[in-house]
Each structure stands twice: as structure tokens, then as C-alpha cells.
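Student:
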Amino acid sequence: GAMAPGKKITARIKRTLPVKGPQAPTLSELMRWYCLNTNTHGCRRIVVSRGRLRRFIWILLTLSAVGLILWQCAELLMNYYSASVSVTVQFQKLPFPAVTICNINPYKYSSMKDYLSELDKETKKALETFYGFSEGKTKVRRSVDEWNSTGSDFFKQIPLLKFEDFSKTATDLRSGQKRKIEGSVFHKDSSIVNSGDSNDIIGFQLCDANNSSECALYTFSSGVNAIQEWYKLHYMNIMAQIPLETKEKLSYSADDLLLTCFFDGLSCDKRHFTRFHHPLHGNCYTFNSGENGTILSTSTGGSEYGLQVVLYIDEADYNPFLVTSTGAKIIVHDQNEYPFIEDIGTEIETAAATSIGMHFTRSRKLSKPYSDCTETGADIPVENLYNKSYSLQICLHSCFQKAMVDSCGCAQYAQPLPAGAEYCNYKKNPNWMYCYYRLHEKFVKEQLGCQQICKDACSFKEWALTTSIAQWPSTVSEDWMLRVLSWDKGQKINKKLNKTDLANLMVFYKDLNERFISENPANTLVILLSNFGGQLGLWMSCSVVCVIEIVEVFFIDSLSIVMRRQWQKAKKWWNDRKRERLGKPPQADNLERQCHDNPVCIDEDLPTFNTALRLPLPQDNPLPRTPPPNYSTLRLETAFTEQLPDTLEVGQH
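Residue numbers for the sequence shown follow the numbering used here, so the first one is 5 and each next one is one higher.
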């Protein structure tokens, strides 16, 4: 049971040395010990510097360095989720996009006459009342008589009104009588350059069917805009009641719209086009829609190798109030994208050859946490009403349509129907127009929350278009070309074609360079740690070991000292209380002093041998010299002989 000599030395040192390392009894002694033994030079300089000024300068420098480190590391963390953009260009065979073509006029006016007769009569009456315009007095008079006999509550409810001097007094177009108008005024023309004569202000009033005092007044500085907006409002009511099959028959067939077709130098026909019915543009036709599973591609750039079509526009059958321009609208898009022709379509004019050159770009952004985009749209709480891949446009339209159904009880005509809903019309939903205008106003002002919910798609394809126009057909070739085209179309057209009924369109790749724009993480964990290390080394000559040391001393050791002091105080308080009960005097506070000299009594952690030897000795208790152990083994004896000078040095100190 005899203790080994090595352990005896350690035990004796423990008993006699005031260990002031991690077992220091007070925080100030712990901090002093840390500053003398740490790897960071600034802290050591604070303790060993002589003179207050020099010590103050070192404190200032050290705190500045710590501040700079914290600032720089915070910057590194904030910029961790930044991305660098790379652009790669490669030359290759490119897939040809889908090209959707619509006539600007959605339905043949001759086919729509039965549905629109009342609306057209009312519009002509408005033109006559406000502008003295008529197509012949007898014709208009007859239509007014018919109007008075058949009657329509709807047109009475929402008449066109003429306002005087921005006042609330208006003239009703039907009765010609003046009346007071209540309600908040909304100027629908945002870009009024010159309002001109105030008598020109025309508009209409929409009231809440459930509360007739709740009204909104929509005014326009231009009579053209007022009449068109008012016409479209009634037109949508009528179209919402016509079944889809009927509307498809009222619009243009592929034979009506397409006269000739070439792709990649080869002839094509209506079988290469897919019909797509758009609520505002009628029957549209998509070339290369990919519906049959094959997507055409092109291996040569230039106008000769793209899509070339001649379109028959038939201007004579246009609705004069619905559309005021002639031609076609086209949109170039991916096969999985919905063609938002009303938002981003390109207009093609008649009696001209329009060349559209394309540059193809694919873009890919990094999703969270680098940017706020969505991969598939599955994480966005808006149902996709379009049977196509997610896009920001699809999300916004779907979100508005859902809000429309929730608020107004029916769906807006220009967008797809949600499940279980039906399109708004004034017979079933007399309140829908007031509701729609109010809701649309909120949507534009971003009060519906759609712009906050909807996000950009992370990856998308884009075709940048360059348009150029030439007169077509030329004056010298006009005669024979129109005769041949009329002959080709002869079974359907019994007259010679007019050049204002035709439009020539070419869509082609300008070059076969595919641009791929992608985002890559600018930082990795390795780079971040390297940057941290650089900052710590530059300002504090510190490493990871030094950081661990800071955590150990400032958090673990400091906390243990504070807890130990609190425990001692609580223990003393308890003992004193017990003594009071027994009538004994309170115990003298010698525990702290005793432990100050010998912290071993509180903390059982062994000090390291070298740490213990470096600490100063108490004045009243010199360490006795330790004789060399008397081992018989020569190797061990040699080892202890080598240690003897160290021991003696301490003893003689």
C-alpha cells in the first residue's frame, strides 16, 4: 500500500502550492492566469506591461482587434450565401420553341352578330349621343325603337355617363337626363398627358348590388378608352354564357388562319399546328407544341431554316368595337409553358413580312438559402389552374382567380376555371363587376398578397426576339402573288385577296449558340473557415486551439468559479443558521483563506505538473527539497537524476 514516489511529489505539491490556474478561487486571478498563459499576445501584454499608459494602450488595441474580428466574421457569415454568376456559350443543334399564333380579332363578327346585337346597338347609341356619330339616321332610329321594345335591365344599371367639369353631375347616355352620381372616383387612364376639355370625361358607375350606396365611378379622359372598356365589360358577360364548343366554332379554323407553311426548308400544314382556345383571343394555333411527343429541332440558323407562314387575317370580319388594330399576335415559348399571349404577345402587322430572329438562353438560379425562387412551385400555397409547368405569371393569375372565386362567388372570364366554380355573368352574379373592379384594384396595389406569395421559378428558358419588318408583297409582285394565293384558297374565298388581309411571318434562330446562365455558390465551408482563420491570425495571432482555450476559460472555468463561490456562500449561510438554532456563535470565515492557499480542498482536479511548478510559492511554507529516489534500476535512476536540477531549482527559488 506504499504510495509511488511520483505520486508523493504530486500530492505534496498539491498540499503546499497555491494553484492559480483553472482552479483559481476568484475571477480576477483566473483572468490573470489566462493572460499570462494564453497564445494570444495582446492579453499577455496587458498583464506584463509596466505603467498605466502602456497597459491602457494594450487594452485598447486588444479590444479593437476583438471588435474587428467580430465585424469581419459577421461580414463573412452574411456573405456566405452569395452566388457567382457564370455564363457558358455552346454551339449545338437547338430544339425549336413552340410558336403560338392568334388573330387579334378573337371571333368572326359575322358569326357573333346574334350574340352581340343588343350590345352593338347600345354602343352605337352612345356614339350618336356623345359624338353625333351615326351610320345613317334611319338605321339608328330603328335600333333605338327595337331597344325600347325589348329592354334590358343590365344596360339600364350600367349606362355610359358624361361628366361635367369634374363634378358629380353626369348625363345619362340613354335618357339624356342629368343626375347626381355618388361614389369614389377612379381615373382608369394612368397616363393623362392632356386632359383637354373637361366635358370630354366619360365613364360608368358600378354599384354594390347588396348595398346601392356603395358605388365606384370609373372615368376616362379618352372617349375611345371609355367606350372600349365599357364594351369589354358587357362583352365578357355575354361570352361567359356561351359554351366552349360553340365559341370554338365561332372563331377561326386552322384553314381560315393559315395559308402557307414552311419549316426548315420543307413544306408543313395544319397537322403541325395544335388548336388552343384562349378566352380573349379565340382559337390560337401552336406550331411544334410537342403534344404528340416529338419536338422539332434545327441544325442551321438563318431565316431560310426557321418557320415561315402566311396568315389570312380577313379584316372585313373584325369586331369594330372590341379591337382597334389589325393583324396577328404571336408568342414564342417552351412546350411546357402556358402562352400568355395577352401579356407578352408580339403583334404582327398586315401587308408586311415580319422577321423574328431568336437567341436562346437557359437560366438557372440557386434556390434557398441563396435566393427566394422555387424549383417546381410545389412549395407555394397557390393551386396551379393552368395545365403547364410553374411560372410567376401562372401563380399570379391563379392567385387572383382564387381570390375572385372566394370574394365574388364566380370566376373571371379571362382565366381558367378552378374546380367547382363557374364564370361570372350578370344573370347569375349581378354583383360581380363591382366586386371584380374592387378586387383588381387591390391586386394592382399588391394588397391581395399574391405578389408576396408568388416567387420566380429557379430555372427557365428564354427566347430573346429581334423583329424586323419589310413591305410585303412588293408592288411589282403583288398582282400575281395575290392571284395565286386566292386560287390556293379558292374553295373558301370567292374573291381576290387584298394584301391588307395577309401577313407574312418568319421565326428563326439567328445563331445556334445556346447561352447558359447559372449561379454557383461563391463560398464553401472550407473557404469560410479559412477566412475566419485569416481574420483571427491577422488581428489576434490566434488559432482554433486559442478559440477552444477562450471557450474553456471564459465560459467553463469562469462559470465553475462563480458556481463554487455561490455554493460556499449558501453552505456557510446554512451552517450559520444551524448554529443560531443551537445557540452557538457563527463560524469564522477562514474557509476561503484556507482554500485560497490550497484550492485542492475544493476542487479535486489535479493540476498539471508543469503548471504547478511555474506558480509562485507561499512565503510561509517553503517546499522541502526532494531527495532523489533510491531505485536499484540504473535506467530509472538516470531519469530521476536528470529531473533533479529542475527540482533543486524550484527548491532554491
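Where is the CB? At the ideal position from N, CA and C, for every residue including glycine.
Computed from a predicted model, the values in this text were never measured in an experiment.
#1: Nearest CA to the CA of A360: which residue from G305, S367, T330?
#2: Is the beta carbon of T350 sitting closer than 8 angstroms to the one on L469?
#3: Using only CA atoms, which one of F134, Y38, D505, N296 lies nearest to A230?
#4: Within a Cβ cutoff of 6 angstroms, which residues of the same chain sit near N391, ignoring the five residues on either side of it in sequence?
#5: Going by beta-carbon coordinates alone, are I317 and T330 separated by less than 8 angstroms?
#6: Along the chain, where does the beta strand (DSSP E) containing N107 start, and where does it finish?
#7: Starting from M362, follow its DSSP beta bridges and name the residues at the other end.
#8: How is C428 classed by DSSP in three states: helix, strand or coil?
#9: Along the chain, where does the alpha helix (DSSP H) that runs through Q455 open and close?
#10: Three-state secondary structure (DSSP) at C377?
#11: Measuring only the C-alpha atoms, how far is F266 from I345?
#12: Buried or exposed: where does F60 fall if 16 or more other Cβ atoms within 10 Å of its Cβ makes it buried?
#13: Determine whether the beta carbon atoms of P163 and L370 lie at a separation below 8 angstroms.
#14: Taking buried to mean at least 16 other C-beta atoms within 10 Å of its own C-beta, is G531 buried or exposed?
#15: Grouping DSSP H, G and I as helix and E and B as strand, with all else coil, what is L81?
#16: Assuming I334 and V488 are in contact, meaning their beta carbons sit under 8 angstroms apart, how far apart are those beta carbons, in whole angstroms?
#17: Throw me the rounded Cβ distance for the C377 and D460 pair, which I believe falls under 8 angstroms.
#18: Go ahead and label T380 buried or exposed: buried means 16 or more other beta carbons lie within 10 angstroms of its beta carbon, across all protein chains shown.
#19: Name the one or two DSSP bridge partners that Q312 has.
#20: Taking the alpha carbon of L516 as the reference point, which residue from A474, P99, I552 has its own alpha carbon closest?
#21: Spatial neighbours of Y85 within its chain, please: C-beta separation below 7 angstroms, excluding the five flanking residues on both sides.
#22: Leaving out five residues before and five after C399 in sequence, what residues of the same chain have Cβ atoms less than 8 angstroms from its Cβ?
#23: Classify F325: buried if its beta carbon has 16 or more other beta carbons within 10 angstroms, exposed otherwise.
#24: Quick check on DSSP: helix, strand or coil for Q94?
#25: If distances are taken between C-alpha atoms only, which option among N429, T14, V551 comes closest to S237?
#26: Please say whether G310 and M510 have beta carbons closer to each other than 8 angstroms?
Tutor: A quick look at the data gives this:
#1: The sequence given here places Ile at residue 360; Ala does not occur at that position. If we check each option's Cα against that of I360, G305 comes out closest.
#2: yes
#3: F134
#4: none
#5: yes
#6: 102 to 107
#7: L469, Y513
#8: coil
#9: 454 to 457
#10: coil
#11: 23 angstroms
#12: exposed
#13: no
#14: Residue identity check: residue 531 is Ile in the sequence provided, not Gly. Burial call: exposed.
#15: helix
#16: 24 angstroms between Cβ atoms; not a contact.
#17: 5 angstroms
#18: exposed
#19: F266, M510
#20: P99
#21: P373, Y374
#22: G381, I384, V386, N388, C454, I457, C458, K459
#23: buried
#24: strand
#25: Before going on, a small fix: residue 237 reads as Leu here, not Ser. Measuring from the Cα of L237, the nearest candidate turns out to be N429.
#26: yes
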